[in-house]
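What follows is a single structure, written as structure tokens, with notes after it.
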Amino acid sequence: MIPVPEINLGGILPAVILCLAGLVVMLAGLVVRKGIVTVSAVISIAGVLLAVMANSPLRVLNKTAFSGLIILDAYSWFFNILILLAAGLTILFSVRYFTDEGLPLYEYFVLLLFSSAGMMFMISGNHILTIFIGLETLSISIYVLAGILPGSPKSREAALKYLLLGGFSSGIFLYGAALLYGAAGSLSLPALAKFLQTGPVGKMAMAGMGLLLVGFAFKVAAVPFHMWTPDVYEGAPSPLTGFMSVGVKAAAFAAFVRVFFEAMMPLQINWVHILWVLAVLTMVLGNLAALVQDNIKRMLAYSSIAHAGYILMGMVAANEAGTSGVLYYLLAYTFTNLGAFGIVAIVGNKGEANVQLDDYRGLAKAHPLLALLMSIFLFSLAGIPPTAGFVGKFTIFAAAINAGYIWLVVIGVLTSAASVFYYFRVVMKMYMEVPEAAPAKLQFGAAMALGLTIAVVGVMYIGIFPTTYLNLAVESVKPLF
Amino acid sequence: MENVSFPLLSAITFIPLLGVVILLFINRQSHEALRWAALVTMLVDFVVSLVAYAHFDSTSAAMQLIENRPWVRDWGISYKMGIDGISLFLVLLTTLLGPLTILASWKDIQHRVKEFLVCLLFLQVGMIGVFVALDLFLFYVFWEIMLIPMYLLIGVWGNPARKLYAAIKFVLYTIVGSLLMLVAILALYFIAGKGTGVYTFDLLKLYEFPFPLQAQFWMFLAFFLAFAIKVPMFPFHTWLPDAHTEAPTVGSVVLAAVLLKMGTYGFIRYAIPLFPNAAMDAAWWVCLLAVIGIIYGAWVAMVQDDVKRLVAFSSVSHLGFVMLGMFALTVQGLEGSIIQMINHGLSTGALFLIVGMIYERRHTRMIAEFGGLSKVMPLFAVFFMIFTLSSVGLPGLNGFIGEFLILLGAFKVYPVYAIISASGVIFAAVYMLWMFQRVMFGVITNPKNRVLEDMSPREVLVLMPLLVFVVWIGVYPNTFLKPMEPSVKNFIQQVERKKAAVLNVENAKKRSAVDTGGFSVTALNTESKSER
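In order, the protein sequences belong to chains A and B.
Numbering of the first sequence is given in our numbering, commencing with residue 1 and proceeding in unit increments.
Numbering of the second sequence is given in our numbering, commencing with residue 1001 and proceeding in unit increments.
Here it is as structure tokens:
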């Protein structure tokens, strides 16, 4: 009998728990008739909480498992927490959405859990193929999730678009991996790093790296690989859009950073300029396009593209501060953007009827608390202190300046000044304009309230007392350097 | 000076926040209770600031009442506060205006009272914070925080026709400047950190570091932009008339009296002492812009037919004086500049309140609609007259002291500028007195004006404290000049010393470059700079 080392199971335990929880939800779906949404949500939340507990030992580990396919370190620990946080909040936000719509879609929760498990594999992948399998698990779940709303042409369009373009990008990613394999003879990250350090780097390896970069850029929605984002974000159910903008992005960045900082560091001179250009394009185009959107989901989609640009800036800095900045930024962004999409889901009301910016007119009068929360999330997105978003931008800008990219930062701050316009525009609609018709009565259940509370407390707390979390981020990137 | 164990400055800064918490528990319908709660908060805040004043040692140039706690230790960010003679009176001005703004809005604001008061209290936190912060990060946080309540004040309670435009214009102008300043703050943090090995945002420690000339130039430019927009200096002033005109009365008062001072204060506390060489190289240009602002503001004010817009443009002119006195970098000029900041806060704040009073009665601010008001509102006429004269700079009132000192200080360095600016005083007399004449004197042509009520006791109460200080500064300015003198002298010396230190470093660098026969771009740059 081949002994199974305990540590291996421990390492992937969080993902295993999520999958098991997904299976339990599926079984429950067969048995329970009434209130299946609540039941699935409760099971899913329990799964997420268990996974958080199972994840905690990773923080002090630095080991590989499954013959080096998986790496267990503080970096994985941090991102796993992030994904679990995103998944948990999304589940809380989704309950009311599906009960309101009268859709007993327990599959939604199953897929959400499976995609989170996929993200975790992607995060702890120490081998390009592990990362690819994680990526596919997450993507396929999300393709289905995007199109889960029955009878909604937009949702279907979103799913199809995402499937086609996502499949295309997966192909590119895989092609890149194949070329690298051809050049290096291995796809494990340490082996790649060793190959690139020692041997002469041929055109094949360079092309492989370029294609991998494109694949990642697609997943993080960097310009010019962002085309799918607005349509998919608009069509998908609002809570899920929040999850996509945070979870998928975080997982993709986690793998992106790990692959490029662990394996591709010898080629840094080559990719850092590409990332510089990508960052500028992403910030400029994302912010400019967001200026002219009238649909809040599309606006937030472009804003999430712009935020990918800021995060790329942290990667360009290519130092410990920049990378830890990326981690902190993603944490801040998780609270902020999920919170914002939670509000979008509430205001959207039945059938997502109210997703235009004009639907926010007079929200402050009808629902002062909702308007206040939305304003806090928007201020955080805009990077106004003392919110988490400000500290996030601050860390990234600081790292980039320290690395000497002053002009990149200047471009960044100018685009972020432009972003203030569209974030404040929503505040303006909520506080300063009067709705044409009487606003619909909005209501949200306890789960939603809990989720929003967690999000807003997160945004404010890590904004005002960032020390602990900055240190966590610094600690978590140590394994990469 | 005894060591104050009680964190006075934190208390002054955050008492308004406590008021916000109290307001949250009061029913939004009971307007009176809300107003009283806010008023009491502001009064308490003012009293605490007087306690701080009592503890202030006016013979010392050092920072006092210092509080220092680490905030983000790894980054060298600390929660550090302190005041000296320069910031003391700006803090007092802010806390004095606090209760007055609540009183002034008692009748004016009738919808969303709770939110309005919350905004005012929040604004107070941000403004006081800016004046007491001694850490660049902390300063930036306060600097940005105050954007949001001001945005809401203009946008929610402003003049319906153009309030949205004015509000967003205000925000965008400010944020472009302040974000570029953020880049400069980070750059100076790293430059000083690499130079000394200690990474810190502590302002007092950063004062000591001689920044290289070229870096100074760029960083000064970024700080200059942020502060010049805020002041506002010509040609960055275009947001100001819109914001002032569309904002509710109290919004204009706070904007004119305190917010604009954040810009001028920023120059004194940050831009000049951190980058003295760049500041001195740029002084000629800054003073030129200031003089253009003085004359341009006065001329444009002259042709306004809206009283509020007229007062707004007079601000551009008055703040030109403040900038001129400051960048003359002489003791008199700087003292005059600081006094003039206070003066402008008192006089222009009062004038906006007065405009608000007639607006409440007539719902118009057009000069042509009025005339002969002095007959029906004699008490009002007295107050209006005094504040008009104070704004004009009549000897015996506050404005004269400030302008006199500024012109005196500026004349030593830039005689031509001083002479041209002096004509600004005359223009001020023209537009203010002409406006006063058209509004208050003559026969009553508009029947609506016959029935206007004179000032109520509440309105007298609002203006009275301002009046007291207007006369006090005018008659016995020493009360105010004395405490600031050590700080101002120290400031000038410190700037000179640091300028020399930077030049020493640069010269040494240049020499060593010549000695080794080395040819470097930086050496060339410093050469061309130091020749000026």
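All residues carry an ideal CB built from backbone N, CA and C; glycine is no exception.
If you check the CB distance, TYR1417(B) and VAL1316(B) do not come in under 9 Å. The C-beta distance from PRO1273(B) to GLN1494(B) rounds to 6 Å, short enough to fall under 8 Å. Annotated as distal: LEU1093(B) and VAL1250(B), with beta-carbon spacing of 9 Å or more. Setting aside the 5 residues that flank it on each side, GLY1442(B) is surrounded in the same chain by GLY1371 and GLY1372, each with a C-beta closer than 6 Å to its C-beta; the list follows chain order.
Taking CB atoms only, TRP1075(B) has a neighbour in chain A less than 9 Å away. Nearest to PRO1212(B) by alpha-carbon distance, out of LEU1503(B), ALA1513(B) and ARG1511(B), is LEU1503(B).
One alpha carbon belongs to ILE343(A), the other to LEU370(A), and they sit about 7 Å apart.
Cβ contact annotation for THR336(A) (same chain, cutoff 7 Å, sequence separation greater than five): PHE377, SER380, LEU381, ALA388, GLY389 and VAL459, in chain order.
The contact set of TYR431(A) on chain B, defined by CB atoms closer than 7 Å, consists of LEU1152, GLY1155 and VAL1156 in chain order. With 16 or more other CB atoms across the displayed protein chains lying within 10 angstroms of its CB, ASN354(A) is buried.
Closer than 9 Å to the CB of ARG425(A) there is at least one CB belonging to chain B. Shown here, TYR1079(B) sits in a strand according to DSSP, grouped into three states. Leaving aside the five residues that flank ALA473(A) on each side, the residues in its chain whose CB is nearer than 6 Å to its CB run, in chain order, SER324, LEU327 and TYR328. Burial check for ASP73(A): the Cβ neighbour count within 10 Å reaches 16 or more, so the residue is buried.
For ILE1066(B), the enclosing beta strand (DSSP E) begins and ends at 1064-1072. Chain A has a Cβ within less than 9 Å of the Cβ of LEU1179(B).
Ranked by how close their Cα comes to the Cα of VAL1300(B), the residues GLU1360(B), PHE1234(B) and TYR1359(B) have PHE1234(B) in first place. Sequence-distant partners of MET1042(B) (beyond 5 residues in either direction) whose C-beta falls short of 6 Å from its own C-beta, in its chain, are GLY1098, PRO1099 and ILE1102. When Cβ pairs closer than 8 Å are counted between the two stretches, the region 1105-1119 of chain B is seen not to touch the region 1064-1083 of chain B, the count staying below three. Close CB contacts of ASP294(A) within its chain, under the 8 Å cut and outside five residues either way in sequence, are with GLN356, LEU357 and ASP358 (chain order). For the options SER1049(B), ALA1215(B) and VAL1307(B), the alpha carbon positioned closest to that of THR1364(B) is the one of VAL1307(B).
Within chain B, the residues placing a beta-carbon under 8 Å from that of PRO386(A) are VAL1141 and ILE1145, ordered along the chain.
In summary, GLY102(A) is exposed, with fewer than 16 beta-carbon neighbours lying within 10 Å of its beta-carbon over all protein chains present. Per the coordinates, the alpha-carbon of HIS1031(B) lies some 26 Å from the alpha-carbon of VAL1048(B).
For ARG361(A) and VAL427(A), the gap between their C-alpha atoms comes out near 9 Å.
In this structure TYR1296(B) is buried. Its beta-carbon is surrounded by 16 or more other beta-carbon atoms within 10 angstroms.
ASP1202(B) carries a strand assignment under DSSP once its states are collapsed to helix, strand and coil.
Close to PHE421(A), with beta-carbon spacing below 7 Å, are these residues of chain B in chain order: ILE1168 and LEU1172. The beta carbon of ALA1038(B) is closer than 8 Å to those of GLY1019, LEU1023, ILE1102, LEU1117, LEU1120 and LEU1121 in its chain, skipping five residues each way along the sequence. With fewer than 16 other Cβ atoms inside 10 Å of its own Cβ, GLU436(A) counts as exposed. Here SER56(A) is exposed. Its C-beta has fewer than 16 other C-beta atoms within 10 Å.
Residue pairing for LYS63(A): DSSP places it in a beta bridge opposite LEU72(A). Minimum Cα-Cα distance from PHE168(A) among the listed residues LEU211(A), LYS203(A) and GLY202(A) corresponds to LEU211(A).
For PHE379(A), the C-beta contacts it makes with chain B under 7 Å involve ILE1148, in order along the chain. Looking only at THR453(A), ILE305(A), GLU352(A) and GLY314(A), the smallest Cα-Cα distance to LEU373(A) is reached by THR453(A). Around VAL409(A), the beta-carbon contacts reaching into chain B at under 7 Å are VAL1183.
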